[in-house]
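Residue numbers (our numbering): 688 to 1031.
Heads up, the beta-carbon is just placed ideally off N, CA and C, and yes, glycines get one too.
Here the structure is a predicted model, which means the values were calculated and not measured.
The structure appears right after this line, and notes come after that.
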Ligand code: SF4
Ligand code: SF4
């Protein structure tokens, strides 16, 4: 295990940013979010969790897939080369780290490998970051439901724990070890540091979030059985304005649309985030929309995450990060809805 004094943290950031793309939390007008780092001084470790999830590092909100040019009636098209330099994402909270595994099942394990997700995942070292285990969890969080702790290192290549004076950095994978071994200016951590690290992981398991007994197979079947209970779905989604904020913030929502943008005979085919709560998500070319009502679309969101995803990939597509509840302008809370449906 390695460590670095808090007041030398910007040195670590500087070196990582010089080597290749570095993504880390930055404070902006809308709160703290992951950004590509140009100025090491921009990085902050003083945050609870980012407003948007870190999925944008692997699955950007908008991404060019093909660029083309129309010349004399013919079209020249080239796939957009993928970033191949090793990258680092630093400061990912434990529940968000687990979201990457869920997204992998879809983008890598569904029979067709998504080259855009894969190239970024393959090239990126994940540095997880423990929550402050001496503080209470945000009331919207419910990651305990899925068995995650506030300082679980699982899924990270390197896991980072902050103490009063230092950052402890423990490698969890060969990739993480390679990264730490290459940073010669880091100090070797001592036995006392190892003890503090292990105690933090243990204390993290005692940090309580909201929690419910949710068995994936049972809730998957339950949601099928309550699918036609329109009264329930209308009641729990009555306030929803179909803004899509919950989906954009979510680390495990992966729906996207594809569209062409062209100007003066040059253009790109790009994919961009979509949301099943949007009015036109299922709008067909004929004008027919099989989900014209908001309650039908929000029901799709819940059923996809807690039922269809279980059937297809064997796990629930939610990590209990609480973002959808925090960002919702009308206080819709997926945890309460699933919990209520489970008791019907
Ligand atoms: S559904 Fe909500 S709580 Fe679950 S992962 Fe997405 S944003 Fe987080
Ligand atoms: S549940 Fe809330 S955040 Fe999600 S679409 Fe409805 S109003 Fe927007």
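| DSSP state of residue 1010 mapped onto helix, strand, coil | Residue state, collapsed to three classes: helix.
| query | Going along the chain, which unbroken runs of the beta strand (DSSP E) with 3 or more residues stay wholly within the stretch 752–822? | reply | Here the runs fully enclosed are 761–766, 774–779, 811–816.
| query | residue 710 lies in the beta strand (DSSP E); which residues open and close that run? | reply | Where residue 710 is concerned, the enclosing beta strand (DSSP E) stretches over 709–715.
| CA nearest to the CA of residue 828, picked from 849, 771, 896, 890 | Nearest neighbour of residue 828 by Cα position, chosen from 849, 771, 896, 890, turns out to be 896.
| field | Reference residue 889; option with closest CA among 914, 819, 950, 916 | value | Among 914, 819, 950, 916, the Cα nearest to that of residue 889 belongs to 819.
| beta-carbon residue 933 near ligand 2 non-hydrogen atom, thresh 7 Å | At least one heavy atom of ligand 2 is nearer than 7 Å to the Cβ of residue 933, so yes.
| Are the stretch 995–1002 and the stretch 903–910 touching, with three or more C-beta to C-beta distances below 8 Å? | Between the stretch 995–1002 and the stretch 903–910 there are three or more inter-stretch CB-CB distances shorter than 8 Å, so the stretches are counted as touching.
| said: Short of 7 Å in beta carbon distance, which residues of its chain neighbour residue 961, apart from the five on each side in sequence? Order them along the chain. | reply: Contacts found: 942, 943, 944, 968.
| query | Under the criterion of a Cβ to heavy atom distance below 7 Å, does residue 929 qualify as lining ligand 2? | reply | Checking the Cβ of residue 929 against ligand 2 gives yes.
| query | Based on the DSSP secondary-structure assignment, which residues constitute the bridge partners of residue 957? | reply | Partner(s): 751, 946.
| said: Does residue 730 come out as helix, strand or coil in the three-state DSSP assignment? | reply: Secondary structure of residue 730 (DSSP, three-state): strand.
| query | Among the residues of its own chain, which have a CB less than 7 Å from the CB of residue 1020, if the five just before and after it don't count? | reply | 1012.
| query | Is there at least one non-hydrogen atom of ligand 4 closer than 7 Å to the beta-carbon of residue 1010? | reply | The model on display carries ligand 1 and ligand 2 but not ligand 4.
| Beta-carbon contacts of residue 898 that lie in its chain and below 8 Å, excluding the five residues immediately before and after | These residues qualify, in order along the chain: 829, 831, 832.
| said: Does the contact criterion of 3 or more C-beta pairs under 8 Å hold for the stretch 982–996 versus the stretch 948–959? | reply: Result no; under three Cβ-Cβ pairs closer than 8 Å.
| field | For residue 754 and residue 882, the rounded distance between their alpha carbons | value | When rounded, the distance between both Cα atoms is 53 Å.
| What's the gap between the Cα of residue 806 and the Cα of residue 839? | In a straight line, the C-alpha of residue 806 is about 26 Å away from that of residue 839.
| query | Where does residue 858 sit, in a helix, a strand or coil, going by DSSP? | reply | In this structure, residue 858 counts as strand in the three-state DSSP scheme.
| Given that a residue counts as buried once 16 or more other Cβ atoms are within 10 Å of its Cβ, and exposed if not, what is residue 952? | So residue 952 counts as exposed.
| task | Please list the segments of the beta strand (DSSP E) lying wholly inside the stretch 868–953, counting only runs of 3 or more residues, in order along the chain. | result | Whole beta strand (DSSP E) segments, 3+ residues: 943–950.
| query | Nearest to residue 717 by alpha carbon, out of 790, 814, 859, 1014? | reply | Cα-wise, what sits closest to residue 717 is 1014.
| DSSP three-state assignment for residue 838, whether helix, strand or coil | Three-state DSSP puts residue 838 in coil, outside helix and strand.
| task | Just the C-alpha distance for residue 854 and residue 783, rounded to the nearest angstrom, thanks. | result | Spanning the two alpha carbons is a distance of roughly 20 Å.
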